[in-house]
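Undergrad:
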Amino acid sequence: MLSDKTRHSILEMQKRYPDKRSALIPALHLAQAEVGYLPLETQQEVATLFDIDANEVHAVVTFYDMFYEEPVGKHVIHVCKNVSCMLRGADGLLNALCRKLNITAGHTSADGEFTVIASECLAACDRAPMMLVDDTVIGPVQEDDLDAILAEAKKGPGHPCPVDHAEAGHA
Ligand code: FES
Numbered sequence: 463m464l465s466d467k468t469r470h471s472i473l474e475m476q477k478r479y480p481d482k483r484s485a486l487i488p489a490l491h492l493a494q495a496e497v498g499y500l501p502l503e504t505q506q507e508v509a510t511l512f513d514i515d516a517n518e519v520h521a522v523v524t525f526y527d528m529f530y531e532e533p534v535g536k537h538v539i540h541v542c543k544n545v546s547c548m549l550r551g552a553d554g555l556l557n558a559l560c561r562k563l564n565i566t567a568g569h570t571s572a573d574g575e576f577t578v579i580a581s582e583c584l585a586a587c588d589r590a591p592m593m594l595v596d597d598t599v600i601g602p603v604q605e606d607d608l609d610a611i612l613a614e615a616k617k618g619p620g621h622p623c624p625v626d627h628a629e630a631g632h633a
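In this note's numbering, each residue's number is its place in the sequence shown (first place is 1) plus 462.
1) From the DSSP output, in three-state form, read off Cys583 for me.
2) Closest by CA to Gly574, which one among Asp466, Arg478, Ile611 and Pro533?
3) Straight-line CA distance for Val541 to Pro501?
4) What is the DSSP secondary structure of His470, reduced to helix, strand or coil?
5) If I follow the unbroken beta strand (DSSP E) through Leu594, where does it start and stop?
6) Should Lys522 be listed as close to the ligand FES, given that the test is whether its C-beta is under 7 angstroms from any heavy atom?
7) DSSP beta-bridge partners for His540?
8) Do you know how far the Cα of Glu531 is from the Cα of Thr524?
9) Cβ of Leu559 versus every heavy atom of the ligand FES: is any distance shorter than 7 angstroms?
10) By Cβ distance below 7 angstroms, which residues in the same chain neighbour Val538 in space, the five residues on each side in sequence not counted?
11) Using CA atoms only, rank isn't needed, just tell me which of His491, Pro619, Thr566 and Gly554 is closest to Val519.
12) Are there 16 or more other CB atoms within 10 angstroms of the CB of Gln604, so buried, or fewer, so exposed?
13) Looking at Val545 and the ligand FES, is the gap between the Cβ and the nearest heavy atom below 7 angstroms?
14) Specify, as a first and last residue, the run of the alpha helix (DSSP H) that Cys547 falls within.
15) Just checking Cys583 against the ligand FES - is the residue's beta carbon closer than 7 angstroms to any of the ligand's heavy atoms?
16) Would the C-beta of Ala590 count as close to the ligand FES, meaning under 7 angstroms from any of its heavy atoms?
17) Can you round the beta-carbon distance between Leu556 and Lys543 to whole angstroms, since I take them to be within the 8 angstroms contact cut?
Okay, here's the thing in structure tokens:
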């Protein structure tokens, strides 16, 4: 169940838009930041706050790579698999990363540190092949860079929430 603070922030955020539905994506980010991911019951709670059907929330959650329906690791690595990155070796890079973490794409390492997600274009094609490590765009990436990238990521706070309660007018 979402905290009163998060529920209140979501309701405050809705007031900023002529149609409160426009606040759905930032609201989902807040909910995800609290729960860690967006299980169906959380999606239902958000839907109730927006007076919309849970299927509409589910459609948004499943459309965007940045929303997670399953628990994720402390750090989330999105590896772009789209055409510019693919042409410059993204497949090999993704495989090498997964081998290193002993997982397949879409899963989390046994120590809970890293989740790897194969993503569509992340809008940094000029840096192909690239990856988004928590909130940091890195590229072009070579397989030899992976150890250093993972070590550096571990120093960071983990995957971020792009909105906060202060933005919603509820610090
Ligand atoms: S194709 Fe990889 S960032 Fe655009």
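Using N, Cα and C, we set each Cβ at its ideal position, and we do this for glycine too.
TA: On the basis of the data shown:
1) Here residue 583 corresponds to residue number 121 of the sequence shown, with the count starting at 1. Cys583 falls in the coil class under three-state DSSP.
2) Position 112 of the sequence shown holds residue 574. Ranking Asp466, Arg478, Ile611 and Pro533 by Cα distance to Gly574 puts Pro533 first.
3) Within the sequence shown, residue 541 is the residue found at index 79, counting from 1. Within the sequence shown, residue 501 is the residue found at index 39, counting from 1. Spanning the two alpha carbons is a distance of roughly 23 angstroms.
4) Within the sequence shown, numbered from 1, the residue matching residue 470 stands at position 8. Three-state result, His470: helix.
5) Here residue 594 corresponds to residue number 132 of the sequence shown, with the count starting at 1. Here the beta strand (DSSP E) through Leu594 covers Met593 to Val595.
6) By 1-based counting over the sequence shown, the position of residue 522 is 60. The amino acid at residue 522 is misidentified as Lys; the sequence shows Val. Incorrect: Val522 has no Cβ contact closer than 7 angstroms to the ligand FES.
7) As a first step, residue 540 is located in the sequence shown; it is residue number 78 there, counting from the start. Partner(s): Ile579 and Leu594.
8) Within the sequence shown, the letter at position 62 stands for residue 524. Within the sequence shown, the letter at position 69 stands for residue 531. Distance between the alpha carbons of Thr524 and Glu531: 8 angstroms.
9) Mapped onto the sequence shown, residue 559 falls at position 97. Every heavy atom of the ligand FES is 7 angstroms or more from the Cβ of Leu559, so no.
10) One-based indexing of the sequence shown puts residue 538 at position 76. Closer than 7 angstroms at Cβ, skipping near neighbours: Thr577, Ile579, Asp596 and His621.
11) Counted from its first residue, the sequence shown places residue 519 at position 57. When only C-alpha atoms are compared, the closest one is His491.
12) The residue given as residue 604 occupies position 142 in the sequence shown. By the 10 Å Cβ count, Gln604 comes out exposed.
13) One-based indexing of the sequence shown puts residue 545 at position 83. Within the cutoff, so yes.
14) As a working note, residue 547 is residue 85 in the sequence shown. From DSSP, the alpha helix (DSSP H) with Cys547 extends over Val545 to Leu549.
15) In the sequence shown, counting from the first residue as 1, residue 583 sits at position 121. Yes, since a heavy atom of the ligand FES falls inside the 7 angstroms radius drawn around the Cβ of Cys583.
16) As a position in the sequence shown, residue 590 is number 128, starting the count at 1. Yes, Cβ of Ala590 sits closer than 7 angstroms to a heavy atom of the ligand FES.
17) Indexing the sequence shown from 1 puts residue 556 at position 94. Indexing the sequence shown from 1 puts residue 543 at position 81. So it is a contact: roughly 7 angstroms between Cβ atoms.
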